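Chains A and B are the protein sequences, given in the same order.
For the first sequence, numbering that gives the first Met the number 0 assigns the number 0 to the initial residue and increments by one for each residue that follows.
For the second sequence, numbering that gives the first Met the number 0 assigns the number 0 to the initial residue and increments by one for each residue that follows.
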Amino acid sequence: MSAADTPLLAVHGLRAAYGKIEALKGIDLEIRRGEIVTLIGANGAGKSTLMMTIFGRPRAKAGRIEFDGHDITGAATHQIARMRIAQSPEGRRIFPRMTVAENLQMGADATESNDVDRAASLERVLTLFPRLKERMIQRGGTLSGGEQQMLAIGRALMSRPRLLMLDEPSLGLAPLIARQIFDAIRILNRDDGLTVLVVEQNANHALRLAHRGYVMVNGLITLSGTGAELLARPEIRAAYLEGGRTA
Amino acid sequence: MDYFAQQLINGLVLGSIYGLIAIGYTMVYGIVGMINFAHGDIFMIGGFIALITFLILVSMGLTAVPLILLVVLLVSMAVTAVYGWAVELIAYRPLRQSFRLAPMLSAIGMSFVLSNFSQVTQGAQVKPIPPLITGGHTLHESAGFAVRLSNVQIVVVVTTVVLLAIFTWLVSRTRLGRDMRACEQDQTMAALLGVDVNRTISMTFVIGAALAAVAGIMYLLYYGLVDFYMGFVAGIKAFTAAVLGGIGSLPGAMLGGLAIGLIETFWSAYFSIEYKDVAAFSILIVVLIFMPTGLLGRPEVEKV
Chain A
0 MSAADTPLLA VHGLRAAYGK IEALKGIDLE IRRGEIVTLI GANGAGKSTL MMTIFGRPRA
60 KAGRIEFDGH DITGAATHQI ARMRIAQSPE GRRIFPRMTV AENLQMGADA TESNDVDRAA
120 SLERVLTLFP RLKERMIQRG GTLSGGEQQM LAIGRALMSR PRLLMLDEPS LGLAPLIARQ
180 IFDAIRILNR DDGLTVLVVE QNANHALRLA HRGYVMVNGL ITLSGTGAEL LARPEIRAAY
240 LEGGRTA
Chain B
0 MDYFAQQLIN GLVLGSIYGL IAIGYTMVYG IVGMINFAHG DIFMIGGFIA LITFLILVSM
60 GLTAVPLILL VVLLVSMAVT AVYGWAVELI AYRPLRQSFR LAPMLSAIGM SFVLSNFSQV
120 TQGAQVKPIP PLITGGHTLH ESAGFAVRLS NVQIVVVVTT VVLLAIFTWL VSRTRLGRDM
180 RACEQDQTMA ALLGVDVNRT ISMTFVIGAA LAAVAGIMYL LYYGLVDFYM GFVAGIKAFT
240 AAVLGGIGSL PGAMLGGLAI GLIETFWSAY FSIEYKDVAA FSILIVVLIF MPTGLLGRPE
300 VEKV
């Protein structure tokens, strides 16, 4: 098998728990280079836990996580990040008492990039989210929800990630800004070949954006397929689309 | 007026020493949320390392005072930093996931270990050194009272200011400082961005210990003595300074240190020297009643 055929991220039989509560009950999932993959499911299905478990927080209780053919199951969180897997996590987690510029700098620090790369990354992020340019010297904690979301995604992009994981990028955003963010993801994927794993409550948006999707229920993957396939399935329509809102 | 000016000078010098120690308390609190009760003893260790280095240099026949001071400063900072690093590694890191009080109890234990270690290896007597920096300047003289600024006072204040400038640059401008602030605000997110949280916490202890070592050297130069017990009282005072300034706030620690130094000095000068500690702690209590987060502290609720 050549390197190009190995999936960028492969998860096999992954289990994880918070204390005695099992949150992931044996997850199998693959992301290939250049794909946008979405993970949809109700609140508490374990989507965010899956993203964090890939980063080793919490640690996997069983199963295997491979990134670019390397086993990263037991690796420390910061070492996984330095392999250029970036995450815009649940709750955004902007550093509230750092400026926007420093928050972005933290993203760039994740890799051993040189100054030229950094300047180029910054340029790209500010082109995607021009709003951040006006806020550079403002503290992260003073930004609005939408601006924090842009900053969280921008910060993740600063490391020029090989895999970008976004947890609910449209949460709490006005529809117009949500659309801007989805457009940004599409552009990054098309122009830079960025591989993206996106968790979304808004299944309609997410499935239209993604090449493939996985449906997660109670810590298990119950369905998978291309975005169009999943959109057409009646059970998906009933559970996540019709009625407009997720449960 | 002259008497007042003299006390102001004395208070600022004492406050500088407290402030340097207080920074260590406040940094560690900010990043791991515990009070490092062994920090006062790290200060004491710094004083002893300085004394030992001084005696070695003198026995080697060195006489140039500036050179001696420089070597003492570097050696004491380096060796004390190793102590700070080791204390964190041995006594606190294994308890990081434990309940909140566990590392604090461990810190109290570590405080006893360090002071007893000094007592056993260095003896229980007070260790004096001859004054290294002599002389001074008379700033003003009238009615038989002279306002004096001694050279050792100048050295203490200038060293403190220079160190604070370096330290402020380190925290606000360097990668390490940024990592430290990131860990203080959100350790999980810092790790997600490739920050080695354990290493950053270690470095926090190393820097705090190095600053405490400088305070130890200043104490040795200023008072001309060290003993195994000096870390306890100085540690409690510096801790008070950190709380007064707002625990977790770096400028607050320095401000609190100066405030405690001035309160103590003025109280001793105008009222009674026996009750200077009562005065310092009373003012702490009054400030905390009206400003529960200290002078420059921020409310805890900021986390979103």
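C-beta: ideal position from N, C-alpha, C; glycine also.
Predicted, not measured: the structure shown is a model, and the values here were computed from it.
On the DSSP letters alone, give me the boundaries of the beta strand (DSSP E) that residue i sits inside.
i	result
B/PHE350	The question about residue 350 of chain B has no answer, for chain B in this structure spans 0 to 303.
A/ARG211	211-216
A/VAL36	35-39
A/THR225	219-225
A/ILE84	84-87
A/TYR17	8-17
A/THR141	Note, A/THR141: premise wrong, no beta strand (DSSP E); not H, not E.
A/LEU196	194-199
Between residue i and residue j, how many whole angstroms is the CB-CB distance? I'm expecting something under 8 Å.
i	j	result
B/THR239	B/GLN6	Wrong, their Cβ atoms sit about 20 Å apart, outside the cutoff.
B/VAL71	B/ALA49	5 Å
A/ALA109	A/SER169	Actually they are not in contact, since the Cβ atoms of A/ALA109 and A/SER169 sit about 24 Å apart, beyond 8 Å.
A/GLY62	A/ILE79	About 15 Å; that fails the 8 Å criterion.
B/VAL27	B/GLY207	6 Å
A/ARG31	A/GLU21	With a Cβ gap of about 28 Å, A/ARG31 and A/GLU21 do not count as contacting.
B/VAL213	B/LEU219	Actually they are not in contact, since the Cβ atoms of B/VAL213 and B/LEU219 sit about 11 Å apart, beyond 8 Å.
B/VAL12	B/TYR221	7 Å
B/SER271	B/GLU87	In fact, because the Cβ distance is near 40 Å, the residues do not count as touching under 8 Å.
A/LEU7	A/THR194	5 Å
B/TYR24	B/ALA237	6 Å
A/ARG154	A/MET105	6 Å
B/ILE262	B/ALA279	5 Å
B/MET103	A/PRO88	Actually they are not in contact, since the Cβ atoms of B/MET103 and A/PRO88 sit about 30 Å apart, beyond 8 Å.
A/LEU23	A/THR52	6 Å
B/GLY230	B/GLY14	That pair is no contact at about 18 Å.
A/PHE94	B/GLN184	5 Å
B/PHE42	B/ALA211	4 Å
Does residue i have its Cβ less than 8 Å from a Cβ in chain A?
i	result
B/GLY32	no
B/THR187	yes
B/ARG174	yes
B/ASP40	no
B/GLN5	no
B/VAL303	With a pLDDT of 36 at B/VAL303, under the threshold of 50, the modelled position of that residue is not reliable, and the figure given next carries that caveat. Closer than 8 Å: yes.
B/VAL27	no
B/ALA386	Past the boundaries of the shown model lies residue 386 of chain B; chain B is included only from 0 to 303, so the question cannot be answered.
B/ASP1	no
B/ALA181	yes
B/GLN184	yes
B/VAL170	no
B/ASP226	no
B/ASP195	yes
Between which two residues does the alpha helix (DSSP H) containing residue i stretch?
i	result
A/LYS24	No alpha helix (DSSP H) contains A/LYS24, which is instead part of the beta strand (DSSP E) from 20-30.
B/MET26	1-31
A/LEU165	It is not in any alpha helix (DSSP H) - A/LEU165 instead sits in the beta strand (DSSP E) that spans 162-166.
A/ALA183	174-191
A/ASN203	202-208
A/PRO129	129-132
A/SER47	46-53
Hey, is residue i's beta-carbon within less than 8 Å of any beta-carbon in chain B?
i	result
A/MET149	no
A/PRO160	no
A/ARG56	yes
A/THR48	no
A/THR76	yes
A/ARG138	no
A/ARG81	yes
Can a CB atom of chain E be found closer than 8 Å to the CB of residue i?
i	result
B/LEU191	Of the protein chains in the structure, A and B, none is chain E.
Proximal residues, the stretch 105-117 of chain A versus chain B, C-beta separation under 8 Å: MET105, GLY106, ASP108, ALA109, THR110
Which ranges does the beta strand (DSSP E) cover as unbroken runs of at least 3 residues, wholly within the stretch 207-294 of chain B, from first to last along the chain? none
What residues from the stretch 87-104 of chain A come within 7 Å of chain B, judged by C-beta to C-beta, listed N to C? PRO88, ARG92, PHE94, PRO95, ARG96, MET97, GLU101, GLN104
Unbroken stretches of the beta strand (DSSP E), 3 residues or longer, contained in the stretch 89-174 of chain B: 135-141, 144-149
Along the stretch 84-99 of chain B, where does the CB come closer than 8 Å to a CB of chain A? Name the residues. none
Inside the stretch 66-116 of chain A only - beta strand (DSSP E) runs reaching at least 3 residues: 84-87
Selection of the stretch 180-203 of chain A by Cβ proximity to chain B, strictly under 9 Å: none
Return the residues of the stretch 139-152 of chain B that lie within a Cβ-Cβ distance of less than 9 Å from chain A, sorted by chain order. none
If we require 3 or more residues per run, which beta strand (DSSP E) segments fall completely within the stretch 33-91 of chain B? none
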